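**Student:** Supplied in structure tokens, the structure appears directly below.
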Amino acid sequence: MRLSAERRSGISEQAYGWISNIQRFSLHDGPGIRSIIFFKGCQMRCAWCANPEGQTAEQDVFFHADRCLHCGNCADLCPTGLHSMNQNVHVLERDRRCVGCQLCEERCPAAALNIVGEHVSAQNAFERVMADEIWFRQSGGGVTLSGGEVAMQPEFARVLIEQLKAEDIHTAIETAGYASWHAIHQATAGCDLILYDLKSAEDALHTRFTGVSNKTILRNLARLLQGGQQIIIRIPVIPHFNDAPDQADKLLALISALTQGKKNFQGVELLPYHLFGTGKYKLLNMEYDWNRGSANVDNFLCMAHHYRLPLKVSGTLAG
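Whatever position you read off the sequence shown (first residue = 1), add 635 for the numbering used here.
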């Protein structure tokens, strides 16, 4: 087993990208024990999004208003005027840009502020995930790039994948596929596994609730299925969007047609809807309007037999 002390060299370290978090010891989003690097920035605006902090490629501020002591420390320190005081009450001017100095977070006596988002080098991200190298090797795990949307930062993704593959680390990329083919290909070309999200077979419905057409997404998936990388298609099962029998049938029929005879297709995973991310909206002063109960995965499970599609319910939840 080759560990960190025997690291190979020669990979460029000059790519930089935005990330929101690195999650360690994940048992989903690929085989074995994994670290997940969440890229920051996404072109889509899914109405049920569980990671609103991943939508913009810049710093965001989580503000726990119920903790704030209105002491004014942050207003005194902030270089951009993002924090201010009005009649001894703290005001967060969200039209001002956070530059990520983290002075407010460091000096807040009530832990009411958290800066979300880092602009890091590929080398920095690589070194951080490789701290768990021994767990990857012992479990058959590795590293998954997720988002946000990985294809918004294809060069950053490419360099990270190259660095990890030079160390024989299993790599996976989760993508919603809404990007140019050049960006998708650049981001995914070197990885072992692609986790490809499909949300709806109907373009009008997809556009209404995600903000973008599904046509580019389907074209990119068709091209990826022509290659040799393993692909798992993931369906976020969303109540009152795609979990009704007719919607489930259309989506599985589409997947069946696209994957017919494709040896690199590894099956379908259902990602059940959840409410775990709704608290983030309050912290970002955003509205969350998709509180519509639980999703019905049974329609997909029943219809998968008709289309002879290998299908399972994932431990990962819809995001």
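All residues carry an ideal CB built from backbone N, CA and C; glycine is no exception. These numbers come from a predicted model, not from an experiment.
By how many angstroms is the C-alpha of Pro880 removed from the C-alpha of Val948?
**Tutor:** Straight-line Cα distance between these residues: approximately 17 Å.
**Student:** Starting from Met765, follow its DSSP beta bridges and name the residues at the other end.
**Tutor:** Note: Met765 sits in no beta bridge, so no partner.
**Student:** How many angstroms separate the CA atom of Arg869 from the CA atom of Lys885?
**Tutor:** Straight-line Cα distance between these residues: approximately 15 Å.
**Student:** Just to confirm, are Leu905 and Leu840 a CB contact at a threshold of 8 Å?
**Tutor:** Not closer than 8 Å, so no.
**Student:** Would you mind stating whether Glu784 and Cys677 have Cβ atoms separated by less than 8 Å?
**Tutor:** Going by C-beta atoms, Glu784 is nearer than 8 Å to Cys677.
**Student:** To the nearest angstrom, report how far apart Met720 and Val751 are at their CA atoms.
**Tutor:** Going from the Cα of Met720 to the Cα of Val751 covers about 22 Å.
**Student:** Would you call the region 702 to 713 and the region 684 to 694 in contact, with 3 or more CB pairs under 8 Å?
**Tutor:** No: fewer than three Cβ pairs fall under 8 Å.
**Student:** Could you check which residue in Val764, Thr851, Ala746 and Cys703 has the C-alpha nearest to that of Asn656?
**Tutor:** Comparing Cα positions, the closest option is Val764.
**Student:** If you draw a straight line from the C-alpha of Cys684 to the C-alpha of Gly928, how long is it?
**Tutor:** One C-alpha to the other measures close to 15 Å.
**Student:** Quick one: what does DSSP say Gln861 is sitting in, helix, strand or coil?
**Tutor:** It is coil, neither helix nor strand.
**Student:** Using DSSP with H/G/I as helix, E/B as strand and the rest coil, what is Thr715?
**Tutor:** Here Thr715 sits in coil by DSSP.
**Student:** Can you tell me where the beta strand (DSSP E) holding Thr806 begins and where it ends?
**Tutor:** From DSSP, the beta strand (DSSP E) with Thr806 extends over His805 to Thr810.
**Student:** Just verifying my parser: in three-state terms, what is the DSSP assignment at Met787?
**Tutor:** Here Met787 sits in helix by DSSP.
**Student:** Taking all protein chains shown into account, decide if Pro789 is buried (16 or more other Cβ within 10 angstroms of its Cβ) or exposed.
**Tutor:** So Pro789 ends up on the buried side.
**Student:** Here's the rule I'm using: 16 or more other beta-carbon atoms within 10 Å means buried, otherwise exposed. How should Asn723 be labelled?
**Tutor:** By the 10 Å Cβ count, Asn723 comes out exposed.
**Student:** Here's a check: name, in chain order, each residue in its chain whose Cβ is nearer than 7 Å to the Cβ of Leu669, leaving out the five neighbours to either side.
**Tutor:** Going by the sequence as given, residue 669 is Arg instead of Leu. Same-chain partners within the cutoff: Ser661, Gly776, Gly777, Val778 and Thr779.
**Student:** Can you tell me the Cα-Cα spacing of Ile867 and Cys703, whole angstroms?
**Tutor:** Roughly 44 Å between the two C-alpha positions.
**Student:** State the start and end residues of the unbroken alpha helix (DSSP H) segment that holds Glu740.
**Tutor:** Taken as a continuous stretch (DSSP letters only), the alpha helix (DSSP H) holding Glu740 covers Leu738 to Arg742.
**Student:** Under 8 Å, Cβ to Cβ, is there at least one residue of chain B near Ile829?
**Tutor:** In the displayed structure, chain B is absent; only one protein chain is listed.
**Student:** Taking 8 Å as the threshold, find out whether the region 813 to 829 comes into contact with the region 842 to 859 through three or more Cβ pairs.
**Tutor:** Contact between the region 813 to 829 and the region 842 to 859 is present, because at least three Cβ pairs lie under 8 Å.
**Student:** Measuring straight from C-alpha to C-alpha, what distance separates Leu853 and Cys739?
**Tutor:** Approximately 44 Å, taken between the alpha carbons.
**Student:** For Gly914, which residues of its own chain have a beta-carbon under 6 Å away from its beta-carbon, when the five flanking residues on both sides are left out?
**Tutor:** Nothing listed; no residue qualifies.
**Student:** Would you call Asp878 buried or exposed, if buried means 16 or more other Cβ atoms sit within 10 Å of its Cβ?
**Tutor:** With 16 or more other Cβ atoms within 10 Å, it is buried.
**Student:** Mapping DSSP to helix, strand and coil, what is Pro907?
**Tutor:** Reduced to three states, the DSSP call for Pro907 is strand.
**Student:** Use the C-beta contact count for Asp924: other C-beta atoms within 10 angstroms, 16 or more gives buried, fewer gives exposed.
**Tutor:** Asp924 comes out exposed.
**Student:** Pull up the distance between the alpha-carbon of Asn926 and that of Arg680, whole angstroms please.
**Tutor:** Their backbone Cα atoms lie some 16 Å apart in a straight line.
**Student:** Taking the Cβ atom as the reference point for each residue, do Ala976 and Val903 lie within a distance shorter than 8 Å?
**Tutor:** In the structure as shown, the chain starts at 636 and stops at 954, and residue 976 therefore has no counterpart that could be examined.
**Student:** Nearest by alpha-carbon distance to Cys743: which of Ala883, Tyr916 and Ala700 is it?
**Tutor:** Among Ala883, Tyr916 and Ala700, the Cα nearest to that of Cys743 belongs to Ala700.
**Student:** I'd like the span of the beta strand (DSSP E) that includes Asp695, first residue to last.
**Tutor:** Per DSSP, Asp695 belongs to the beta strand (DSSP E) from Asp695 to Phe698.
**Student:** Rounded to whole angstroms, what is the Cα-Cα separation between Glu837 and Leu919?
**Tutor:** Rounded to whole angstroms, Glu837 to Leu919 spans 31 Å at the Cα level.
**Student:** Assign Phe698 to buried or exposed, taking buried as 16 or more other Cβ atoms, counted over all protein chains shown, within 10 Å of its Cβ.
**Tutor:** Classification of Phe698: buried, given that the 10 Å Cβ count is 16 or more.
**Student:** The alpha helix (DSSP H) that contains Trp816, what's its start and end?
**Tutor:** Segment Trp816 to Thr823, the alpha helix (DSSP H) holding Trp816.
**Student:** Alpha carbons only, please: which of Lys800, Gln895 and Gly667 is nearest the one belonging to Thr823?
**Tutor:** It is Lys800 whose Cα lies nearest to the Cα of Thr823.
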